[in-house]
Amino acid sequence: MAKGIIAYFDIDTGFYPGLHHGLAYLMGTANTKNDIKFFHVFEENHLLELGDLIENNIWDFVGISFTTNQRKFIWDLFENNKVNNQLLIGGGVHPTLDKENTFKELPEFDGICVGEGEIPLLNLCNRIDNNQNILETPSFIFKKIDDSGKTSFKTNPVSKLMHIDDLNDPDYTVFDYKQIISDNGNVFPMMLGRGCPYKCTYCASSHLSKNYPNPQNWVRFPSIDRSIRIIKNNLELYPDTRSIIFADDTFTIKKNWVKEFCSIYKEEINLPFECNARVETINDVICEELTNAGCTSLDFGVESGDQWYRNNIINRKHKNAVITKAFKTVDAHGIKGFSYNIVGMPFETPQMMKETYKLNRYELKSARYGRAFYYYPYPGTGMHDLSIKYKLLRPGIEQLTGYLESPTVIEKHSKHKEIRKWFKKINLIFAVRLMCDRLYIPRIICEYFIIPITQLFWIPLAGIVEPDKSNKIMKKINSKIKLMIKKLRDPGHALYDSNDVRKI
Amino acid sequence: MIKKIWINENCITCGNSEDLCPEVFEIDVEAGTTIVKENIDLSMYQEKIELAAASCPVNNIKLEKVTK
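Chains Z and W are the protein sequences, given in the same order. Our numbering puts the first residue of the first sequence at 1, with every later residue one more than the last. Our numbering puts the first residue of the second sequence at 1, with every later residue one more than the last.
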């Protein structure tokens, strides 16, 4: 029985629910025959605890799963603890996207796991158990240092993508799931399928798929039986669940799957839910099926209101009219549409950001909640490559941990002041809409009276709605308001902030 | 050999086919669908077309083949 530890770095990311679905699946698979501890690192003081745990035990391996914006905490961990006597493995999105630099930036790593880790980790454990050569484990890259001190790498072929039905069920009990779900208003986030077919240049998804020998199988939907079984098992874990978020990248791609799922979900589960969707996949038929099954909201990535920029730089090839039609369609079926946007992308001008603002403000009045985020460059993605090629990234961005802190581009096409302005103005729209809905204020009053006034006084108001990280007083007021809004009506959308809800 | 290609309704414009075989497929933003470019010698891109069709996430690309 291999003895290991998997640490998941999730500090100060801001908006994400604390359950990591991929790692829940990984633990559900790898821990059946092994002794693997899971450590959810979501506060800086956890680094001390993790450091002690690593230093004071003999592990067969220490696995660290992280995204690009968590590197600074791993540097801290490695700098302040003796970790060199352990087999250190990096995994997750960042090591998969940026293999070479992971070894350069974090030379303490002995190896990295490329891509989905369930079966590779199981293989590694088996090899450890059977005293076999671990350097041959599929999907791993291992660093080798010979007697002369020369470094080389053993790169093993990446295992094929498995069908989702062949994986074990996820194990959410490795997280402090009761606290996380309770803090989230008893909304249980789950993930059923995997993969997104779209190729947005800011996103890691399509780049992750390129690592596999069978990328054509990247988008996977589970059987309906399995989906319902997993949901039921999760609900047994947390019977107070009042609503579910399906965190699948794009829930609405396969219309036949959605149709069958919705009819059985209604019969067997019958709880309100929300999910992610693409505007191109929305029509009356699918909305009717979703509504009947209990769908309360659909989350859409709008990303940019400038059609040229969206089509040509972000690689999202649809017209603004398709976005507005999708929002109107879901609204007509009583589903709330949520709009997610990015500002401060490479080559994006203030006029382009203004288009994003205008689209959300005037065309998407039915977008009752949403968000603007600052662009964050993920190595290996098309937009990151473009940013590097044209030297558009500002120094020091490795210190950023989320999408809400500050712009990442240099002031070439937009001043940071402009980027912050549109970030705050867009977020103010959504904060006001959310508040109005929670207070049952009619939409017409919200749109034609309250929003115009709040936009007029956006500077002081945005200070409360979107406080700067350094402004502790505003952050405190912001947290209190968010908690208050959460209590106004439920089940509500995952209005979530890691700083104010995870009091574990 | 591929004689004819057509794209069914409900294309989700994910760009998969355009990515795999840009010589044959492209997204028409105005029409809101993927289209097959005109006057293309399909025999030159046989493998890429088949891969694009096989990996279409909604099985929307249909091929008509003829045996030599």
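Backbone N, C-alpha and C define an ideal beta-carbon position, used for all residues, glycine too.
One thing to note: residue 335 of chain Z has its Cβ no nearer than 8 angstroms to the Cβ of residue 381 of chain Z. For the segment 14–27 of chain W, the set of positions with a beta-carbon nearer than 7 angstroms to some beta-carbon of chain Z reads 14, 15, 16, 19 and 27 in chain order. Scanning chain W for C-beta atoms nearer than 9 angstroms to the C-beta of residue 198 of chain Z yields 12, 13, 14, 15 and 16, reported in chain order. Rounded to the nearest whole angstrom, the C-alpha separation of residue 9 of chain W and residue 62 of chain W is 11 angstroms. Unbroken beta strand (DSSP E) runs of no fewer than 3 residues, entirely contained in the segment 291–323 of chain Z, are found at 295–303, following chain order. Taking a contact to require three or more Cβ pairs closer than 8 angstroms, the segment 259–279 of chain Z and the segment 15–26 of chain W do not qualify as touching. In the DSSP annotation of this structure, the continuous segment of the beta strand (DSSP E) that includes residue 63 of chain W starts and ends at 61–65. A distance below 8 angstroms separates the beta carbons of residue 91 of chain Z and residue 113 of chain Z.
Below the 9 angstroms Cβ cutoff, chain W contributes no neighbours of residue 424 of chain Z, its closest Cβ being approximately 31 angstroms away. The shortest C-alpha to C-alpha distance from residue 276 of chain Z to any of Z:192, Z:202 and Z:328 is the one to Z:192. Annotated as distal: residue 466 of chain Z and residue 415 of chain Z, with beta-carbon spacing of 8 angstroms or more. Your pair residue 345 of chain Z and residue 306 of chain Z does not check out as a contact, with CB atoms roughly 10 angstroms apart and the cut at 8 angstroms.
Excluding sequence positions up to five before and after residue 372 of chain Z, its CB lies within less than 6 angstroms of the CB of 341, 343, 423, 426 and 427, all in the same chain and listed in chain order.
The residue from Z:413, Z:64 and Z:442 with its alpha-carbon nearest to that of residue 350 of chain Z is Z:413.
A direct Cα-Cα distance of roughly 25 angstroms separates residue 207 of chain Z from residue 189 of chain Z. Our two residues, residue 209 of chain Z and residue 233 of chain Z, have alpha carbons roughly 29 angstroms apart in a direct line. Counting C-beta atoms within 10 angstroms of its own C-beta, residue 301 of chain Z has 16 or more neighbours from the protein chains shown and is therefore classed as buried. DSSP, read as helix, strand or coil, puts residue 174 of chain Z in helix. When Cβ-Cβ separations below 8 angstroms define contact, residue 43 of chain W makes no contact with chain Z. Among the residues of the segment 275–302 of chain Z, those with a Cβ less than 8 angstroms away from any Cβ of chain W are 278, 280 and 281, in the order of the chain.
Residue-level contact check: residue 476 of chain Z does not touch chain W, since none of the beta carbons of chain W fall below 8 angstroms from its beta carbon. In the DSSP assignment, residue 30 of chain Z falls within the unbroken alpha helix (DSSP H) covering 21–30.
Close to chain W, meaning a Cβ-Cβ distance shorter than 8 angstroms, are the following residues of the segment 249–260 of chain Z: 253, 254 and 255. Taking all protein chains shown into account, residue 165 of chain Z has fewer than 16 neighbouring C-beta atoms within 10 Å of its C-beta and is therefore exposed. For residue 160 of chain Z, there are no neighbours in chain W by C-beta distance under 9 angstroms, as the nearest C-beta there is about 14 angstroms away. Residue 51 of chain W belongs to the set of residues whose beta carbon lies under 8 angstroms from a beta carbon in chain Z. Relative to the Cα of residue 56 of chain W, the nearest Cα in the group W:64, W:17, W:67 and W:47 belongs to W:17.
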